[in-house]
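Engineer: Chains as they are written, first to last, in my numbering: chain B, 1 to 213; chain E, 1 to 213. Beta carbons are placed, not taken as given, at the ideal position from N, Cα and C, and that holds for glycine. The structure under discussion is supplied below as structure tokens; questions concerning it will follow.
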DNA sequence: GTCTATAGTCCGATAGAC
DNA sequence: GTCTATCGGACTATAGAC
């Protein structure tokens, strides 16, 4: 083991692949382009990862491990639900902001036709859903927990969170919005609001009134 | 014009492409596979669409036109905001349910490296954002309108809506949920709740209490 | 571990017959 | 409008030298 090296060839390949897969898509990006960016030869991909598909799986493995770790860092314990949720959203937003390419690849490369990848993702997602169910939702009072339908709200909240990063170039283009620290701080809080008030509770009398005439 | 034919070759190509792009991804799917499914020859793609890229653009054009039309059908007029939102969500959910492949292709093929497609999508999204701003939000009372930050809530709500359809195979796998008419009816209402109560208003005193001990 | 060279396949586009 | 045949290039994977 040579711990002195800046980055191993394996790590450089993985990072180049993340960046290029995010920008061009898994199928559109050739190994030649990845290894050129990483400064190695094509044969190294198959030596270190076995195949292009396994390289993608290694990328997704890294992403889902981090997502799982973040959930485990915030959900167990006796803190109030609101604090858990707000803390979780802040950290997950920071993580997605700093690892947008990783998230983009791990999310958008779902629909493609590689059974190994689809099964792998389903298994990792199921594990993370388990953390939400047993560590976060189990601590809620009954009347609030009954508001939550995991098969509806789970993907919805996840989509609300992730879609910002997936379409960020369009957002910058359309809204002329500077995406700085303060934007992401309030972004995380707005999403937490959507869970706290949009999923857990309702106050119809405030929103059914007619518009001002 | 031969209006008697079941479907034109052009339409059959487009429909095969939607299905295959959704399943395998734009880059992973060859023209040969599309034309085989459509029962025509490769040359027909370039004859009718000009190129593979223009074929993708034609698909996205169809999707965004429909999205625009649905917004225009629900947002203008004096109906209460809640009714506009609930009616819109019901129709958009039905549309996405019946055109999942079209939506999947039109959404997920963003990040790739084709400048013409990215510009095209940005322009269509901007047009639809304009409908929301001028026809839906303009009718809200001031104190509610100030709660909405389009650059945050727009992509978030869109992501909450669409992500269900993008990850539907995983949902079926993980939650063992039958996705029938009644599921989608309540799905649309839950999402409307997230907008009405999660975006427009808040009621913190209900969600800050400690869990039951 | 890392390389070069190459095998074998598939790609998008188009020329030209009908 | 629709076809067949084909061009030039890019792809993944691997064999084999070092």
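1) So what's residue 98 of chain B in DSSP terms, helix, strand or just coil?
2) Where does residue 194 of chain B land, buried or exposed, given buried means 16+ other C-beta within 10 angstroms?
3) Can you list, in chain order, the residues of its chain whose CB lies under 7 Å from that of residue 196 of chain B, leaving out five sequence neighbours each side?
4) Do you know how far the Cα of residue 114 of chain B is from the Cα of residue 47 of chain B?
5) For residue 105 of chain E and residue 18 of chain E, which I take to be in contact (beta-carbon distance under 8 Å), what is that distance rounded to the nearest angstrom?
6) For a cutoff of 8 Å on Cβ pairs, would you count residue 12 of chain B as touching chain E?
7) With a threshold of 8 Å between beta-carbons, can residue 93 of chain B be considered close to chain E, or not?
8) What residue does the alpha helix (DSSP H) around residue 57 of chain E start on, and which one ends it?
9) If you run the structure through DSSP and keep just helix, strand and coil, what is residue 190 of chain B?
10) Please classify residue 42 of chain B as buried or exposed, where buried requires at least 16 neighbouring CB atoms within 10 angstroms.
11) Flag this pair as touching only if the stretch 173 to 191 of chain E and the stretch 115 to 129 of chain E have three or more C-beta atom pairs under 8 Å; answer yes or no.
12) Taking contact to mean 3 or more Cβ pairs, one atom from each stretch, closer than 8 Å, check whether the stretch 163 to 170 of chain B and the stretch 89 to 101 of chain B are in contact.
13) Do you know how far the Cα of residue 67 of chain E is from the Cα of residue 57 of chain E?
14) Can you pull the chain B residues whose beta carbon is under 8 Å from the beta carbon of residue 55 of chain E, in chain order?
15) Is the beta carbon of residue 199 of chain E closer than 8 Å to that of residue 143 of chain E?
16) To test your reading of the DSSP string, which unbroken alpha helix (DSSP H) runs of 4 or more residues are found completely within the stretch 8 to 51 of chain E?
17) When you compare only the Cα positions, how much space is there between residue 27 of chain B and residue 28 of chain E?
18) In this structure, how does DSSP classify residue 201 of chain E when only helix, strand and coil are distinguished?
19) Can you find a CB in chain B that lies within less than 8 Å of the CB of residue 193 of chain E?
20) Any C-beta of chain E sitting closer than 8 Å to the C-beta of residue 190 of chain B?
21) Put residue 144 of chain B into one of helix, strand or coil per three-state DSSP.
22) Any C-beta of chain E sitting closer than 8 Å to the C-beta of residue 201 of chain B?
23) Roughly how many whole angstroms lie between the Cα atoms of residue 21 of chain E and residue 159 of chain E?
24) Give the interface partners of residue 19 of chain E over in chain B, defined as CB-CB distance under 9 Å, in chain order.
25) Cβ of residue 156 of chain B within 8 Å of Cβ of residue 191 of chain E?
26) Which class does residue 139 of chain E belong to by DSSP, given the choice of helix, strand or coil?
27) How about residue 126 of chain E: is its C-beta nearer than 8 Å to some C-beta of chain B?
28) Which residues in the same chain as residue 161 of chain E place their Cβ atom closer than 8 Å to its Cβ, once the five residues preceding and following it in sequence are excluded?
29) For residue 13 of chain E, which residues from the same chain have a beta carbon less than 8 Å from its beta carbon, with the 5 sequence-adjacent residues on both sides left out?
30) What's the C-alpha gap between residue 117 of chain E and residue 141 of chain B?
31) Please work out which residues of its chain come closer than 7 Å, Cβ to Cβ, to residue 8 of chain E, disregarding the five sequence neighbours upstream and downstream, and give them in chain order.
Structural biologist: In this structure, then:
1) helix
2) buried
3) 82 and 85
4) 21 Å
5) 6 Å
6) no
7) no
8) Bounds of the alpha helix (DSSP H) holding residue 57 of chain E are 52 to 74.
9) helix
10) exposed
11) When C-beta atoms of the stretch 173 to 191 of chain E are compared with those of the stretch 115 to 129 of chain E, fewer than three pairs fall below 8 Å, so the two segments do not count as touching.
12) yes
13) 15 Å
14) Correct list: empty, because the minimum Cβ distance to chain B is about 15 Å.
15) Between residue 143 of chain E and residue 199 of chain E, the C-beta gap is not smaller than 8 Å, which leaves the two residues out of contact.
16) 9 to 24, 31 to 38 and 42 to 48
17) Taking C-alpha positions only, residue 27 of chain B is separated from residue 28 of chain E by approximately 5 Å.
18) coil
19) yes
20) At a cut-off of 8 Å, the C-beta of residue 190 of chain B has a neighbouring C-beta in chain E.
21) helix
22) At a cut-off of 8 Å between beta carbons, residue 201 of chain B contacts chain E.
23) The C-alpha of residue 21 of chain E lies about 20 Å from the C-alpha of residue 159 of chain E.
24) Simply none; closest approach about 11 Å.
25) yes
26) helix
27) With its beta carbon less than 8 Å from one in chain B, residue 126 of chain E belongs to the interface.
28) 89, 92, 93, 96 and 191
29) 34, 35, 38, 40, 44, 45, 48, 49 and 55
30) The straight-line gap from Cα to Cα measures roughly 48 Å.
31) none
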